[in-house]
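S.K.:
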Amino acid sequence: MRSRGTNTYGTSTGERLKKSVIDQKIRKAKELKLEAMRDEYGYIFCEDCGRNANAGLPLDCSHDISVAKCQNEGKSELAYDINNITIRCRECHKKHDKIDLKFKKNV
Ligand SMILES: [Zn+2]
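Right, dumping it as structure tokens:
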């Protein structure tokens, strides 16, 4: 019970990170992800359906493995791994999160 009262999560290397630190790292990872995409393609688009910002839907940074799952499984570092972040339009983001929720129920 040594971490009682403090909001920390484990990583694969056994480190304990405060939720505020994880959130900060996630923000940074999202920035890096957007930057990498702009560098490579010159613009931002949905990686699932290819729509860009002109389609009128917001483009989100979506986690392939949800932040909650990364934290709960003691793999918090995946929450801020840019390889675990996919740019999705709002429509594909919603679709993805529903699939994710369905999987969660079966666990
Ligand atoms: Zn899409």
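Numbering (my numbering), first residue to last: 2 to 108. Cβ atoms here follow ideal geometry from the backbone N, Cα and C, with glycine treated the same way.
Please return the same chain residues whose Cβ sits closer than 6 Å to the Cβ of D49, not counting the five positions on each side in sequence.
M.R.: Hits under 6 Å: R89, C93.
S.K.: For the candidate residues T87, A56, Q72, D61, whose alpha-carbon lies nearest to that of N18?
M.R.: Strictly speaking, residue 18 in this sequence is Leu, with Asn absent from that position. Looking from the CA of L18, the closest CA among T87, A56, Q72, D61 belongs to Q72.
S.K.: Whose C-beta lies closer than 7 Å to the C-beta of D98 among residues of the same chain, with five residues either side of it excluded?
M.R.: none
S.K.: Quick one: using the 10 Å Cβ neighbour count with 16 as the cut-off for buried, is L60 buried or exposed?
M.R.: buried
S.K.: Which residues in the same chain have their Cβ closer than 7 Å to the Cβ of G11, if we skip the five residues on either side of it in sequence?
M.R.: R17, G75, S77
S.K.: Among all residues, which have a Cβ less than 7 Å from at least one non-hydrogen atom of ligand 1, and in what chain order do they fall?
M.R.: C47, D49, C50, R52, R89, C90, E92, C93
S.K.: Please report how far the alpha carbon of T87 lies from the alpha carbon of T7, in whole angstroms.
M.R.: 30 Å
S.K.: Any idea what DSSP makes of K103, helix, strand or coil?
M.R.: helix
S.K.: Please name the residue, chosen from I83, A56, I23, that lies closest to L33 on a Cα-to-Cα basis.
M.R.: I83
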